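In my numbering, the protein residues as written are 551 to 677.
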């Protein structure tokens, strides 16, 4: 039997500035991040309790928060690329699926997002 594990972060509202808008354009009022990180099951199925036995995701979340505040982005894709690079800094992360979406899109409704799956080979090349 195969055992897999993941860290899942859902609906994290980022305080960031993305896009260039003209008068009359709908300007999104929120940018939301979903993140699924595959990690070795040995970091989840632990024999004893303690942070030294698991993947501590808090530093990564702090990195993402810093990246979101860091600068004005023209595109969601650039922030997403920087989040992928931040994930690559953690050897415990085997793969990453990143979803960044904004809303509203039109007339106070809808969300529009970008999804990126980064495999082991790509993460390794980013390291």
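Ideal placement from N, C-alpha and C gives every residue a C-beta, glycine not left out.
If you're wondering where the values come from, they're calculated on a predicted model, not measured in any experiment.
| Item | Value |
| --- | --- |
| What does the alpha-carbon distance come out to for the pair residue 597 and residue 643? | 21 Å |
| Shortest alpha-carbon distance to residue 565 belongs to which of 672, 574 and 578? | 578 |
| Straight-line CA distance for residue 630 to residue 668? | 11 Å |
| Looking only at its own chain, which residues have a Cβ that is under 7 Å from the Cβ of residue 635, when we skip the five neighbours before and after it? | 676 |
| Hey, does residue 559 have any beta-carbon neighbour from chain E nearer than 9 Å? | Going by chain labels, chain E is absent from the structure shown, which holds only one protein chain. |
| Using alpha carbons as the reference points, say which of 661, 575, 576 and 562 lies closest to residue 610. | 562 |
| Would you call residue 626 buried or exposed, if buried means 16 or more other Cβ atoms sit within 10 Å of its Cβ? | buried |
| What are the complete beta strand (DSSP E) segments, minimum 3 residues, inside the segment 605-639? | none |
| Give the secondary structure of residue 646 by DSSP, where H, G and I count as helix, E and B as strand, and everything else as coil. | strand |
| To the nearest angstrom, how far is the alpha carbon of residue 555 from that of residue 573? | 46 Å |
| Rounded to the nearest angstrom, what separates residue 670 and residue 584 at their Cα positions? | 19 Å |
| Looking at the structure shown, is residue 586 part of a helix, part of a strand, or coil, going by DSSP? | strand |
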